[in-house]
Structure formats: structure tokens, C-alpha cells
Amino acid sequence: MSKTARTATKKSAGVMTPELRPLTIGILAIITCAAFEAMAVITAMPSVARELSGEASYGLAFSMYLTASLLGTVVAGSWCDRKGPRPALAVGMTLMILGLLVAGVASDFWLVTVGRAVSGLGGGAMIVAVYVVIGRSFPQRAQPVVFGWLAAAWVLPALIGPVVAGFVTQQFGWRWVFLGAAPVVLAAVVIVWPKTRELGPLDSNEAGSARARVLRGLALAGGVFVAQWAVVRLADTQDPDAGTVTGLALLAAAGVVVALFVLPALLPKGTLVLGRGLPSIIATRGLVNVAFFGTEAFIPLMLASSREIDPGTAGLTLSAGALGWSAGSYVQARVTFKRQWLLVAGSSILSLSLGGFALATAVEAPLWVLAVVWGLSGFAMGMTLSSTSVLVLKLSPTTEQGRNSAALQISDQLGGVAGTAGAGALFALLRDPADPGHVPTFVAIWLALWVFTAAGIVSGLRGARSSDEGPGLTPSKSMEGTVPA
């Protein structure tokens, strides 16, 4: 290749060329607003639970968002492949805003949970649409940079989101955190909407397969919902009789069985057994999410209940995690060795940092120590998750980017559901109503979640043995979901 050709290729890979600049800015706007919404809601949630007496179901408000995201993700994956990303983007935005409004006017904690579920349904559709836009609009060489910038888009929300949410909660009430986030989401989608007009549907004859995937998605979300509701209900029931225990246990088991029955068809073949390559790359995403998001959901509650720290200050610990996340994503965009090994490095760093966080919590270390350790956890996640996003797009044929992106998000969200629901169940089982800030309860949660970081290291090692080739070389192996229903 001549010097002129190499220069042209390098230029075309830039994310801020005149052709790509508007789209880049629009995508960054969506992620920035989504990040602000996430940081604000998690900061305000302890106040919501306290006012509406929802402490026992605290974890359910987070896990239901992710459970509904599973369904939104499955539907949007095939939808984007058949119709392009615009419909999923529009419907996702509408549902996210509707959910925020429902949560903002809720008079009972269960209504807040419903609102979070509606927002999750929209959020799942939106994130798949954004991934498809990146995969179809940006050159492969530019995609690591794009994902690095998406992580950087969390920096400002991480710095001001908890502070703003804490101020609004204390001065005006937590409801305005939800209500105020709705127009922000609308503004972000309006920015990117005109730039996606040319991203129409691909040639596809998969209507039957798409319907089957939607039905599987409904079954998956339903099974996960039933299982986590039964577990939380069982943990929250005071002195249940034998019949209640048996009934709820059977209901939880049935939900798990249904979810496990339909899940393999929605993921690359071999994901659940850590098959080499793409399956383990996607599995790693889910495993580290179990540990990270299960811990993150309970950090503000731990700080508020055990140390009586106000919501804004408690949220600064989450800011440290988001800043570390951005730093990790920045690093992954500049690696020169085989990207798959970042999965091993990220999982290992997360294991060390989460263990350190449990120790720091146990000895009641100063807040700045917790913030530093959590920042290291965020660094590990930024390195790992951005790398999984790049690798999945790289190893996917163009016609399967929607489904493979959906599979990645299913793993992502299912990991978050397992982490937050599992942590919520442990909290409901171990908490002492007379001593809501009991530190050993939170330490037990952190240690239980740490186990999944060790599994993430194993999965990362399996993923590191994947092919470094581009898409289209082994398309028949890319998705189990290509099997007809």
C-alpha cells in the first residue's frame, strides 16, 4: 500500500471526520444523558426506599430495570437487523421517558419498581440501536476509539450527577430526580436522530426467527422476574410457614428453569459452558457485571445507613468508579497487543479491587479509601467491557451485528440482574431491622459477589484463545439464535 493510500485509510478511520462528526456527537450525547440518569437514580434511591418503606425490596428496583432490559434487548436485536436502528431508538426513548415519569409520581415503592422496569425496556432497545449504529457507521479501526469515548462520556455525569441528584433530593425531593431526567433523554435522542436516516434495514428474511427470538425473550424475562420476585418475597416474609416456603422456593426454581431453557438460543453456542472465543468473550461480560453492579447498587445504602452520609457525598464514591471506568476504556483503546488478553487483566484487577473493597468496608476505612478502591474496580470494568464490545463487533458479520450486540447486552444485563437480585436477596435475609447499618451484612454481600470475579478470570482466559480474524470467516458459528424455532 502506498503512503497516500495509508494516509487516506488512517483518515477514514477517524471518528471526527466531517462525515462522522455529527453522528459521533449524537451518540456521545445519548450516552452522557443515560449516564446522568443512572448516576442520579442510584444516588437518590436510598431516599426513595426510606420514604416509601421499600428497604426490603431495594435491590428489586435495580434488578427489575435490568430484567426488562433483557426483553428490550432481545426484541431490538432482530428488529435492528430487519428494520435498521431508528425504530428501536425511537421506541426505546419513549419507554425510558415514560418509566421515569411513572417512577417520579409513584406513591408506593412497587410503582417505582414498575417505572424502572418500563425504563429498562426502553434502555435495552436504545443501547442495541447505538451498538448497531457504531458497527455500521464507523470503520473497524475507529471502533475502539468510539467505545473509549463512550466511557469518557461518563466522566461529567459521574462528577456532577451525584452532586446534582443529592442537592435536588435534599432541596426539592427525590421525585424531581426522575422527572428532571426525562427531558434530558429526549434531547439526546433528538440530536442523533437525523444522523441515522441512512441506516435502513439490511436484506434479511428472518421474520420467523425474529418472532421466535421475541418469544424466547419474553420467556427469559418472565422466568428471571418470577425467580427474583419469589426470592425477595421469601426473604422479606417474617416467620413464613412451611407451605409458603415450599411454594415460593418452587416458584423461584421454576423461573430459573425457564430462563435456563431459553437462554442458550439467545446467546452464541457454548456461552454457558465457556466455549473458546466469542462465547467466552460474551460470558466474561456477564460474570464481571454480576460482581460490579451487585456491589455498586448497595454502596449508597451502606454509606447512608452505616455512616449516615448524605446522598450527594455517598454518590461521590460512585463517581470514582465512573472515572476509573473512563480511564480503563481510554487505556484499552491504545493497546498494541492482542485485545483478548485485556479480558484476563480486567477480571484479575476487578477481583483484587473487590476483595479490597470488602476489607475496607469491614475495617470501616475512611471514605476516600473506599473511593480509591472503587475507582480501581471501575478501571477494570472500563478495560474489560469496552474490549468485549469491540471484539463482538469485530467477530460478527455485518448482517449479525444486531443479534450479536443483543447477545452481548443480554449477558450484560443478566449479569446485572443476577448481581443486584442476589445482593438484594442476601440483604433481605441478613439485615437486622433494628440495625439497618450492620456492616457485616454488606461485607457478606461483597464477598459473595467476589466469587464471580474469579469465574471471570477463567472465562477471560477462554476468550483470549479466540481468533483475531475479522468477521465473516466463521459466520455459521456466530449465533445459536440462527437455528430455526
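The numbering used here puts the first residue of the sequence shown at 143, with every later residue one more than the last.
Beta carbons: idealized from backbone N, C-alpha and C, even for Gly.
Being a predicted model, the structure only gives us computed values, none of them experimental.
| query | result |
| --- | --- |
| Based on the DSSP secondary-structure assignment, which residues constitute the bridge partners of D574? | D577 |
| Mind reading off the beta-carbon distance from L603 to V486? Whole number of angstroms is fine, and I expect it under 8 Å. | 6 Å |
| So what's S154 in DSSP terms, helix, strand or just coil? | Because the pLDDT of S154 is 38, which lies under 50, any placement of that residue in the model is unreliable, and the number read from its coordinates should be weighed accordingly. In this structure, S154 counts as helix in the three-state DSSP scheme. |
| Using C-beta distances below 8 Å, list every residue in its chain close to F499, excluding the 5 sequence neighbours before and after it, in chain order. | T437, L512, V515, W516, S519, W588 |
| Would you say A597 and L429 are within 8 Å of each other, going by their C-beta atoms? | yes |
| Can you tell me whether S249 is helix, strand or coil according to DSSP? | coil |
| Among G564, T386, G419, C175, which residue has its Cα nearest to the Cα of T530? | G419 |
| Can you tell me whether F314 is buried or exposed, with buried defined as 16 or more other CB within 10 angstroms of its CB? | exposed |
| By Cβ distance, which residues of its chain are closer than 7 Å to D250, with the 5 residues on each side in sequence left out? | L194 |
| Are the CB atoms of S490 and V581 within a distance shorter than 8 Å? | no |
| Within this structure, are the beta carbons of A267 and A323 separated by less than 8 Å? | no |
| Please determine, among A295, A186, S495, the residue with the shortest C-alpha to C-alpha distance to C175. | A295 |
| By the three-class DSSP mapping on this structure, what secondary structure does T159 have? | coil |
| Here's the rule: buried if 16 or more other CB atoms are within 10 angstroms of the residue's CB, otherwise exposed. What is I167? | exposed |
| What whole-angstrom Cβ distance do G365 and F178 have, given they're in contact under 8 Å? | About 32 Å separates the two Cβ atoms, so there is no contact after all. |
| Between A570 and V374, how many whole angstroms is the CB-CB distance? I'm expecting something under 8 Å. | 6 Å |
| Does E450 come out as helix, strand or coil in the three-state DSSP assignment? | coil |
| Alpha carbon to alpha carbon, what distance is there between R283 and W252? | 45 Å |
| Going by beta carbon distance, what residues of the same chain come within less than 6 Å of G557, once the five residues before and after it are set aside? | G428, N431, V432 |
| Indicate the three-state DSSP secondary structure (helix, strand or coil) for S195 in the structure shown. | coil |
| Give the DSSP-derived three-state secondary structure of L416 in the structure shown. | coil |
| Would you say G226 and G241 are within 8 Å of each other, going by their C-beta atoms? | no |
| Secondary structure at A295, three-state DSSP: helix, strand or coil? | coil |
| Excluding sequence positions up to five away, which residues of its chain have a Cβ less than 8 Å from the Cβ of V559? | S205, L208, T209, L212, V366, Q370 |
| What do you get for L357, buried or exposed, if any count of 16 or more other CB atoms within 10 angstroms of its CB means buried? | exposed |
| At the level of alpha carbons, what is the spacing between L170 and G470? | 17 Å |
| With a threshold of 16 other CB atoms inside 10 Å of the CB of Q555, please say whether the residue is buried or exposed. | buried |
| Quick one, are the C-beta atoms of T255 and A439 less than 8 Å apart? | no |
| So for W316, helix, strand or coil by DSSP? | coil |
| Of the choices F280, S553, L460, whose alpha-carbon is the least far from that of L162? | F280 |
| Which value, in whole angstroms, describes the spacing of the CA atoms of V288 and V600? | 28 Å |
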